[in-house]
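Participant:
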Amino acid sequence: MLKPAFPTMRAKAIACAAAAILLLAGAWPAAAEPIKIGFGMALTGGLAGNGKAALIAIQIWAEEVNAKGGLLGRPVQLVYYDDQTNPATVPGIYTKLLDIDNVDLVISGYGTNLQAPAMPIIMQHGMTFIGLFGLAVNDQFHYDRFFQMQPNGPDAKHALSQGFLEAAMTAKPTPKTLAIVGADAEYPQVALAGARDVAKKLGLKIVYDSSYPPSTVDYTPIVRSIQATSPDAVFVASYPPDTAGIIRAAHEIGLKTTVFGGGMIGLQFASLKQQFGPLLNGIVYYELYAPEPTMTFPGITEFLRTYQPRAAAAGADALGFYLPPYAYGGMQILGQAVEATQSLDQKKIAEYIHATTFKTVVGDVRFGRDGEWVEPRIVYVQERGITGNDLEQFKKPGKEVIVYPGEYKSGEIEAPYSDIKH
Amino acid sequence: MATSLDLLLGAVVAGILLGGFYAAVTVGVSISFGMLDIVNIAHPAFIILGSYIAYIVNTRFGLDPILTSIIVAPAFYALGAAVYQVYHLVFERRGDESLRGLAFFFGLLFITEVALILVFGVDYRFVDAAYIGTTLHYGPIDLPLRMLVPFVCSLALLAGLQLFLSRSFIGRAIMAVSQDRLALQLMSANPARIKRIAFALSIATAGVAGAFLIIIQPVEPSIGRDYIGRVFAICVMGGLGSFPGMLMAALLLGVVESITATFYGPSWSPAVAFGFLLLTLAFRPSGIMGR
Numbered sequence: 001m002l003k004p005a006f007p008t009m010r011a012k013a014i015a016c017a018a019a020a021i022l023l024l025a026g027a028w029p030a031a032a033e034p035i036k037i038g039f040g041m042a043l044t045g046g047l048a049g050n051g052k053a054a055l056i057a058i059q060i061w062a063e064e065v066n067a068k069g070g071l072l073g074r075p076v077q078l079v080y081y082d083d084q085t086n087p088a089t090v091p092g093i094y095t096k097l098l099d100i101d102n103v104d105l106v107i108s109g110y111g112t113n114l115q116a117p118a119m120p121i122i123m124q125h126g127m128t129f130i131g132l133f134g135l136a137v138n139d140q141f142h143y144d145r146f147f148q149m150q151p152n153g154p155d156a157k158h159a160l161s162q163g164f165l166e167a168a169m170t171a172k173p174t175p176k177t178l179a180i181v182g183a184d185a186e187y188p189q190v191a192l193a194g195a196r197d198v199a200k201k202l203g204l205k206i207v208y209d210s211s212y213p214p215s216t217v218d219y220t221p222i223v224r225s226i227q228a229t230s231p232d233a234v235f236v237a238s239y240p241p242d243t244a245g246i247i248r249a250a251h252e253i254g255l256k257t258t259v260f261g262g263g264m265i266g267l268q269f270a271s272l273k274q275q276f277g278p279l280l281n282g283i284v285y286y287e288l289y290a291p292e293p294t295m296t297f298p299g300i301t302e303f304l305r306t307y308q309p310r311a312a313a314a315g316a317d318a319l320g321f322y323l324p325p326y327a328y329g330g331m332q333i334l335g336q337a338v339e340a341t342q343s344l345d346q347k348k349i350a351e352y353i354h355a356t357t358f359k360t361v362v363g364d365v366r367f368g369r370d371g372e373w374v375e376p377r378i379v380y381v382q383e384r385g386i387t388g389n390d391l392e393q394f395k396k397p398g399k400e401v402i403v404y405p406g407e408y409k410s411g412e413i414e415a416p417y418s419d420i421k422h
Numbered sequence: 423m424a425t426s427l428d429l430l431l432g433a434v435v436a437g438i439l440l441g442g443f444y445a446a447v448t449v450g451v452s453i454s455f456g457m458l459d460i461v462n463i464a465h466p467a468f469i470i471l472g473s474y475i476a477y478i479v480n481t482r483f484g485l486d487p488i489l490t491s492i493i494v495a496p497a498f499y500a501l502g503a504a505v506y507q508v509y510h511l512v513f514e515r516r517g518d519e520s521l522r523g524l525a526f527f528f529g530l531l532f533i534t535e536v537a538l539i540l541v542f543g544v545d546y547r548f549v550d551a552a553y554i555g556t557t558l559h560y561g562p563i564d565l566p567l568r569m570l571v572p573f574v575c576s577l578a579l580l581a582g583l584q585l586f587l588s589r590s591f592i593g594r595a596i597m598a599v600s601q602d603r604l605a606l607q608l609m610s611a612n613p614a615r616i617k618r619i620a621f622a623l624s625i626a627t628a629g630v631a632g633a634f635l636i637i638i639q640p641v642e643p644s645i646g647r648d649y650i651g652r653v654f655a656i657c658v659m660g661g662l663g664s665f666p667g668m669l670m671a672a673l674l675l676g677v678v679e680s681i682t683a684t685f686y687g688p689s690w691s692p693a694v695a696f697g698f699l700l701l702t703l704a705f706r707p708s709g710i711m712g713r
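Residue numbers (the working numbering), protein chains in the order written: chain A, 1 to 422; chain B, 423 to 713.
(1) So, helix, strand or coil for A:Y239, using DSSP?
(2) If you draw a straight line from the alpha carbon of A:L267 to that of A:Y285, how long is it in whole angstroms?
(3) Which residues in chain B have a C-beta closer than 9 Å to the C-beta of A:G245? List them in chain order.
(4) Starting from the beta carbon of B:T557, find every residue of chain A whose beta carbon is closer than 7 Å, and list them in chain order.
(5) Report yes if the C-beta distance between B:E514 and B:S644 is below 7 Å; otherwise report no.
(6) Answer with yes or no whether the minimum CB distance from A:T220 to chain B is below 7 Å.
(7) For the candidate residues B:V508, B:F665, B:P496 and B:A683, whose alpha-carbon lies nearest to that of B:L587?
(8) Look at the alpha carbon of A:P416 and the alpha carbon of A:V403, and state the distance between them as a whole number of angstroms.
(9) If you draw a straight line from the alpha carbon of A:P120 to that of A:M149, how long is it in whole angstroms?
(10) Tell me, please, whether the CB atom of B:D545 is closer than 7 Å to any CB atom in chain A?
(11) Which one of A:I37, A:A54, A:L47 and A:F39 has the shortest CA to CA distance from A:Y307?
(12) Quick one: complete alpha helix (DSSP H) runs, 4+ long, within the region 137-224 of chain A?
(13) For a cutoff of 7 Å on Cβ pairs, would you count A:S210 as touching chain B?
(14) Could you check whether the Cβ of B:S689 sits closer than 7 Å to any Cβ belonging to chain A?
(15) Mind pulling the chain A residues with CB within less than 7 Å of B:A436?
(16) Could you please tell me which residues of the region 673-688 of chain B, in chain order, have their CB closer than 7 Å to any CB of chain A?
(17) Helix, strand or coil for A:A318 per DSSP?
(18) For the beta strand (DSSP E) holding B:I625, just list the boundary residues, first then last.
(19) Under 7 Å between beta-carbons, which chain A residues line up against B:G432? List them in chain order, please.
(20) In this structure, how does DSSP classify A:K256 when only helix, strand and coil are distinguished?
(21) Starting from A:Q59, find everything on chain B with Cβ-Cβ shorter than 8 Å and list it in chain order.
(22) Which residue or residues does DSSP assign as beta-bridge partners of B:H510?
(23) If the cut is a Cβ gap below 8 Å, which residues of chain B does A:R248 touch?
(24) What are the boundary residues of the alpha helix (DSSP H) that B:F591 is part of?
(25) Taking Cβ to Cβ, would you say A:I247 is nearer than 7 Å to A:L288?
(26) For A:Q393, would you say it is in contact with chain B, using Cβ-to-Cβ distances shorter than 7 Å as the test?
(27) Give the residues from the region 168-184 of chain A that approach chain B closer than 7 Å (Cβ to any Cβ), ordered along the chain.
(28) Below 7 Å between beta carbons: does that hold for A:F146 and A:G363?
(29) Whole angstroms are fine: how far does the CA of B:L439 sit from the CA of B:A581?
(30) For my contact list, B:S491 and B:G629 are in at a C-beta cut-off of 8 Å; report their separation, rounded to the angstrom.
(31) Within 7 Å of any Cβ in chain A, is that where the Cβ of B:F548 sits?
(32) Given that B:P487 touches chain A, what residues does it touch there, using C-beta distances under 8 Å?
(33) Buried or exposed: where does A:E186 fall if 16 or more other Cβ atoms within 10 Å of its Cβ makes it buried?
(34) Using a 10 Å radius around the Cβ and a threshold of 16 neighbouring Cβ atoms, would you call B:V658 buried or exposed?
(35) Exposed or buried, what is A:A67 when buried is set at 16 or more other beta-carbons lying within 10 Å of its beta-carbon?
(36) Assess contact between the region 563-572 of chain B and the region 501-512 of chain B, defined as three or more Cβ pairs (one per stretch) separated by less than 8 Å. Is contact present?
Next comes the structure, spelled out in structure tokens:
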């Protein structure tokens, strides 16, 4: 005679409870416990404009991943704090993320100054770290688990001016003389130093080479001096307020030159594009993405379609051509690495990222020495046919024609600037 | 290619236009610091506040920034009166105005900046007006209306204030309080009330200068700090409390900056301009028209 499996009702109840616990222990935590991704982000302070845009992009990625079932079958949870654009807050934020919040993965905040202070803590914990728009952050640390989402390539100093000057040399008539001008600040000075080297290599004679204090109010004397040297090309390395001042001055005095533009920060953002509208026609400046047929990376259109209404509602950059695709692309790389290694082991993830070319919304990405991109992907665009101040026109192809590099070129440079401008 | 004479003419005209704007920015400090001995280093923050109000009204209702600043001038006047009342009750009356008063205005500067950042973010803001983008050309001279309109309005503002100070009873009382507070009390006038009116006037001018600023260049909440050095330098160079002296100093600074930027490189502009300040103080310590 077979013995009953559970001789008493009490034994049966205990067995049922044990089975339930085992079931829960075996299946539920794995399905419900999220993979935590931690970061600090500039949501207030000087870099908040871009920080908010980056956060929206990261949130979009997390929502999309969770809608598809998460990573490793677990949902993704973002744990982030406002670094207030203050480097002093960064060590505290990453210590809390790693030691108290026990996040599984970390990414950086926006900008060089907010990445570098996190590095010692990240290295101490052996975490893989994806940086967002930092300049040479890993040059001193040489940390082999650091990866930078910024398409400067290994030689940022020259990459910034090379595109402009090589594109300028294709203009008719071919420029022979060059004026360079920029603010007395770190980025413009690096860009100007690069421009001097590239100009020498291309045989361009520099006829005006000067810088101005960032507190300059009126740029007409500067542009008038540039005009007095009659340069064939004018390369400007500027921050948003000086970019605005120089463009206005160029129109006010009627700057006559073949090619005008350069590393002008500010023109990448919706607010300045909208404000200047037709004043941008003919200017050649760097972008990281332009809605041209040659830059239709897989997923970029869908991403921007999701991003743009959310950014407009949140008061962030309403076009999102500059930083947001790169923030989203960085998350794609991290997600793909976790899925491919089927692990949260930081060493395995870093080794995989080093060895792989990733397909992202900003194109194929491969990392080289110190985690920088192997190839630069800065494009130079020339504004064409802008009428009025409607922001929608900038979303259409043909308005920001890519004139450099050849790989993404969507049109030839039009010159002279003086004719297009008017 | 432009000749040196053309360049010089252009630089002088650009400098004069710039100087007119500097005068509008400085006139408030000339009243508070030059006449009342109140070191209001929050003045640039009130200017930026004026810029943002002009921006809001311009983007929502399309109203001209300068017209907006005139309409909201009474509100700025009231704000100035309230700020002075707090300053007077908490610091001046107790004789604590030197260091603690300075800290008070520092606090106001930061609070205003942070409030603007929280409300508007850190993006640069612009305004639209029919005259922005138009330039009048007379031979080698270019007159961008973006600079010319604030210049003309600035001169009108200064002329109005000068008339008010020299012809009206309150104006004369303000001049008197800057010279001899005790004598004013003996004439049975209340110095605190006169100072409140004068300080309120200085803040009202900041609102107007803010409208000029956002016409000339894009504005973000902390951009006012760029002007602190220039504003106090012009005030001292012109002679404390002297409007004509302040205007001359502002025009001189603008022209020197512009000529230096044109002929010797823009990086030298601040150094040469402040060199002029040192020279003025060395040979005429009371300023160009100081007593």
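Ideal Cβ positions, reconstructed from N, Cα and C, are used throughout, including at glycine. Predicted model only: the values in this text are computed from it and were never measured.
Facilitator: Reading it off the structure:
(1) What you label residue 239 of chain A is simply residue 239 of the first sequence in a count that begins at 1. Looking at A:Y239 - three-state DSSP - the assignment turns out to be coil, as it is neither helix nor strand.
(2) Translated into positions along the first sequence, residue 267 of chain A becomes position 267. Translated into positions along the first sequence, residue 285 of chain A becomes position 285. When only Cα atoms are considered, A:L267 and A:Y285 end up about 8 Å apart.
(3) Reading the first sequence from its first residue, position 245 is the one you call residue 245 of chain A. Scanning chain B for C-beta atoms nearer than 9 Å to the C-beta of A:G245 yields I638, Q639 and P640, reported in chain order.
(4) Counted from its first residue, the second sequence places residue 557 of chain B at position 135. Those are E252, listed as they occur along chain A.
(5) Taking the second sequence and counting its residues from 1, the one referred to as residue 514 of chain B is at position 92. Taking the second sequence and counting its residues from 1, the one referred to as residue 644 of chain B is at position 222. No; because the gap between Cβ atoms is not below 7 Å, this pair is not in contact.
(6) Looking up residue 220 of chain A in the first sequence gives position 220. At least one chain B Cβ lies under 7 Å of A:T220.
(7) Here residue 587 of chain B corresponds to residue number 165 of the second sequence, with the count starting at 1. It is B:F665 whose Cα lies nearest to the Cα of B:L587.
(8) The count along the first sequence starts at 1 and reaches residue 416 of chain A at position 416. The count along the first sequence starts at 1 and reaches residue 403 of chain A at position 403. If I take the Cα positions, the gap works out to 14 Å.
(9) By one-based count along the first sequence, residue 120 of chain A stands at place 120. By one-based count along the first sequence, residue 149 of chain A stands at place 149. Spanning the alpha carbons of A:P120 and A:M149 requires a straight line of approximately 19 Å.
(10) Residue numbering aside, residue 545 of chain B sits at position 123 when the second sequence is read from its first letter. Yes, B:D545 lies at the interface with chain A (some Cβ there is under 7 Å from its Cβ).
(11) Position 307 of the first sequence, counted from the first residue, corresponds to residue 307 of chain A. Of the listed residues, the one whose Cα sits closest to A:Y307 is A:A54.
(12) If we require 4 residues or more, the alpha helix (DSSP H) runs fully inside the region 137-224 of chain A come out as 156-168 and 186-202.
(13) Counting from 1 along the first sequence, the entry for residue 210 of chain A is found at position 210. It does; some Cβ of chain B falls within 7 Å.
(14) Locating residue 689 of chain B in the second sequence gives position 267, counting from the first residue. So, interface residue.
(15) Within the second sequence, the letter at position 14 stands for residue 436 of chain B. Going along chain A in sequence order, the residues near B:A436 (Cβ under 7 Å) are D218, T220 and P221.
(16) Hits within the stretch, in order: S680, A683, T684, G687 and P688.
(17) Mapped onto the first sequence, residue 318 of chain A falls at position 318. Correct three-state label for A:A318: coil.
(18) Within the second sequence, numbered from 1, the residue matching residue 625 of chain B stands at position 203. Annotation: B:I625 is outside any beta strand (DSSP E); the continuous alpha helix (DSSP H) that includes it extends over P613 to I638.
(19) Position 10 of the second sequence holds residue 432 of chain B. Residues of chain A passing the Cβ test: R224.
(20) Position 256 of the first sequence, counting from 1, holds the residue named residue 256 of chain A. Note: A:K256 maps to coil in three-state DSSP.
(21) Against the first sequence, residue 59 of chain A aligns to sequence position 59. Counting only Cβ-Cβ distances below 8 Å, A:Q59 has no contacts in chain B at all, with the closest Cβ about 18 Å away.
(22) As a working mapping, residue 510 of chain B is identified with position 88 in the second sequence. Per DSSP, none; premise fails for B:H510.
(23) As a first step, residue 248 of chain A must be located in the first sequence, where it is residue number 248. G555, P566 and R568, listed in chain order.
(24) Position 169 of the second sequence, counting from 1, holds the residue named residue 591 of chain B. Counting along the chain, the alpha helix (DSSP H) containing B:F591 begins and ends at F591 to Q601.
(25) Position 247 of the first sequence, counted from the first residue, corresponds to residue 247 of chain A. Position 288 of the first sequence, counted from the first residue, corresponds to residue 288 of chain A. In terms of Cβ geometry, A:I247 and A:L288 do not form a close pair [threshold 7 Å].
(26) The count along the first sequence starts at 1 and reaches residue 393 of chain A at position 393. It does not; no Cβ of chain B falls within 7 Å.
(27) Look at the region 168-184 of chain A: the residues with a C-beta under 7 Å from a C-beta of chain B are D184.
(28) As a first step, residue 146 of chain A is located in the first sequence; it is residue number 146 there, counting from the start. As a first step, residue 363 of chain A is located in the first sequence; it is residue number 363 there, counting from the start. The Cβ atoms of A:F146 and A:G363 do not sit closer than 7 Å to each other.
(29) Working through the second sequence from its first residue, we reach residue 581 of chain B at position 159. Working through the second sequence from its first residue, we reach residue 439 of chain B at position 17. Distance between the alpha carbons of B:A581 and B:L439: 16 Å.
(30) Position 69 of the second sequence, counted from the start, is the residue given in the question as residue 491 of chain B. Position 207 of the second sequence, counted from the start, is the residue given in the question as residue 629 of chain B. Correct: roughly 5 Å between the Cβ atoms.
(31) In the second sequence, counting from the first residue as 1, residue 548 of chain B sits at position 126. Yes, its Cβ sits closer than 7 Å to a Cβ of chain A.
(32) Stepping through the second sequence from its first residue, residue 487 of chain B is reached at position 65. The contact set of B:P487 on chain A, defined by CB atoms closer than 8 Å, is empty, because the minimum CB distance reaches about 14 Å.
(33) As a first step, residue 186 of chain A is located in the first sequence; it is residue number 186 there, counting from the start. Exposed.
(34) The residue you call residue 658 of chain B lines up with position 236 of the second sequence. Looking at its Cβ environment, which holds 16 or more other Cβ atoms inside 10 Å, B:V658 is buried.
(35) Start at 1 with the first residue of the first sequence, and residue 67 of chain A comes out as number 67. A:A67 is exposed by the Cβ-count criterion.
(36) No, they do not touch.
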